[in-house]
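In order, the protein sequences belong to chains G and V.
Residue numbers for the first sequence follow my numbering, so the first one is 1 and each next one is one higher.
Residue numbers for the second sequence follow my numbering, so the first one is 119 and each next one is one higher.
Here the structure is laid out as structure tokens; the discussion comes afterwards.
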Amino acid sequence: QVQTVQSGTEVKYPGASVRVSCKVSGYTFTSYGISWLRQAPGQGLEWLGWISGNNGETRYAQNFQGRLTMTTDISTSTAYMELRSLRPDDTSVYFCARDVGSRVFQHWGQGTLVTVSS
Amino acid sequence: DIQMTQSPSPLSASVGDRVTITCRASQSITKWLAWYQLKPGKAPKLLIYQASTLESGVPSRFSGSGSGTEFTLTISSLQPDDFASYYCQQYSSYPVTFGQGTKVEIK
């Protein structure tokens, strides 16, 4: 069955960068894209962007343009999300999810808590 | 950006109750709406997409309806496992946006 496993908790200082990984199994990685989302404490869900599992094409939400990079490693069926210039309000649980097209999110990871604090 | 507004929030209900959550979009999204279930510490779960299509493996007590700007998620008979938060999401246009969530609590 499809499994989505994310990397562990991160604690970062303001201004630093964080890289979260998302390893999938149980399907052909290149057949679907991966979207990244986040949920700040007590808040709703926010979509960050999407990356194709086939050709690495990306689409980022406008709010994150310039400090967000998504990549994939097809050989290990892993997607990566790097967010730079971290601010305290980036403190959130970050999720990856298989994107079945048109930004519908199946098979979510368990989430990665990223805390940004001095 | 398209604003999504859910009601009620929170929602208090008992096991066996019929529960309905409403989601309104600030402009027409035709049928491009999904519903998700979130529980603390667990991976979120897709329940319904295209407003009314049940995701594979989701119990049939969940159903979705609506089009345009008004949508509903109905749980026909609330089960203990259903106490969770529910979010609607539009994918009609970028950026995709979510409602603020509805927490279904034990009455």
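Built from N, CA and C at the ideal position, the CB exists for glycine as well.
Contact check, residue i vs residue j under 8 Å by CB: the rounded distance?
i: Phe180 (chain V); j: Cys141 (chain V); result: So it is not a contact: roughly 14 Å between Cβ atoms.
i: Trp108 (chain G); j: Thr28 (chain G); result: Not quite, the Cβ-Cβ distance comes to about 19 Å (not below 8 Å), so this is no contact.
i: Gly53 (chain G); j: Thr72 (chain G); result: 6 Å
i: Ser195 (chain V); j: Lys221 (chain V); result: So it is not a contact: roughly 19 Å between Cβ atoms.
i: Gln124 (chain V); j: Gly217 (chain V); result: 4 Å
In the DSSP assignment, find the beta strand (DSSP E) that holds residue i and state where it starts and stops.
i: Gly49 (chain G); result: 45 to 51
i: Gln37 (chain G); result: Before going further, note that residue 37 (chain G) is Leu rather than Gln in the sequence given. Residues 33 to 39.
i: Lys163 (chain V); result: 163 to 167
i: Gln208 (chain V); result: 203 to 208
i: Gly175 (chain V); result: Note, Gly175 (chain V): premise wrong, no beta strand (DSSP E); not H, not E.
i: Glu188 (chain V); result: 188 to 193
i: Ala143 (chain V); result: 137 to 143
Between residue i and residue j, what straight-line distance do the alpha-carbon atoms span, to the nearest angstrom?
i: Ile120 (chain V); j: Ile147 (chain V); result: 9 Å
i: Tyr209 (chain V); j: Ala152 (chain V); result: 8 Å
i: Arg38 (chain G); j: Gly111 (chain G); result: 8 Å
i: Arg84 (chain G); j: Lys163 (chain V); result: 28 Å
i: Ala127 (chain V); j: Gly219 (chain V); result: According to the sequence displayed, residue 127 (chain V) carries Ser and not Ala. For Ser127 (chain V) and Gly219 (chain V), the distance between alpha carbons rounds to 7 Å.
i: Gln106 (chain G); j: Thr9 (chain G); result: 22 Å
i: Ile51 (chain G); j: Ile34 (chain G); result: 5 Å
i: Gln168 (chain V); j: Trp150 (chain V); result: 5 Å
i: Leu156 (chain V); j: Asn55 (chain G); result: 31 Å
i: Asp177 (chain V); j: Val20 (chain G); result: Inspection of the sequence shows that residue 177 (chain V) is occupied by Pro rather than by Asp. Cα to Cα, the separation comes out at about 32 Å.
i: Phe201 (chain V); j: Gly184 (chain V); result: 23 Å
i: Lys12 (chain G); j: Asp89 (chain G); result: 12 Å
i: Pro213 (chain V); j: Arg87 (chain G); result: 22 Å
i: Ser31 (chain G); j: Ile74 (chain G); result: 11 Å
i: Thr69 (chain G); j: Thr76 (chain G); result: 18 Å
i: Glu173 (chain V); j: Lys225 (chain V); result: 28 Å
i: Ile139 (chain V); j: Gly66 (chain G); result: 37 Å
Spell out the partners DSSP gives residue i in its beta bridges.
i: Ser130 (chain V); result: V:Glu223
i: Gln3 (chain G); result: G:Ser25
i: Leu86 (chain G); result: None, per the DSSP bridge assignment.
i: Leu156 (chain V); result: V:Ser203
i: Ser92 (chain G); result: G:Val114
i: Asp73 (chain G); result: G:Thr78
Tell me whether the beta-carbon of residue i lies closer than 9 Å to the beta-carbon of residue j.
i: Phe64 (chain G); j: Ala161 (chain V); result: no
i: Ala16 (chain G); j: Val93 (chain G); result: no
i: Leu48 (chain G); j: Ala61 (chain G); result: yes
i: Gln145 (chain V); j: Thr192 (chain V); result: no
i: Leu113 (chain G); j: Tyr205 (chain V); result: no
i: Val24 (chain G); j: Thr78 (chain G); result: yes
In chain B, which residues lie with their C-beta within 8 Å of the C-beta of residue i?
i: Tyr209 (chain V); result: Judged by its chain identifiers, the structure shown contains no chain B, and its protein chains are G and V.
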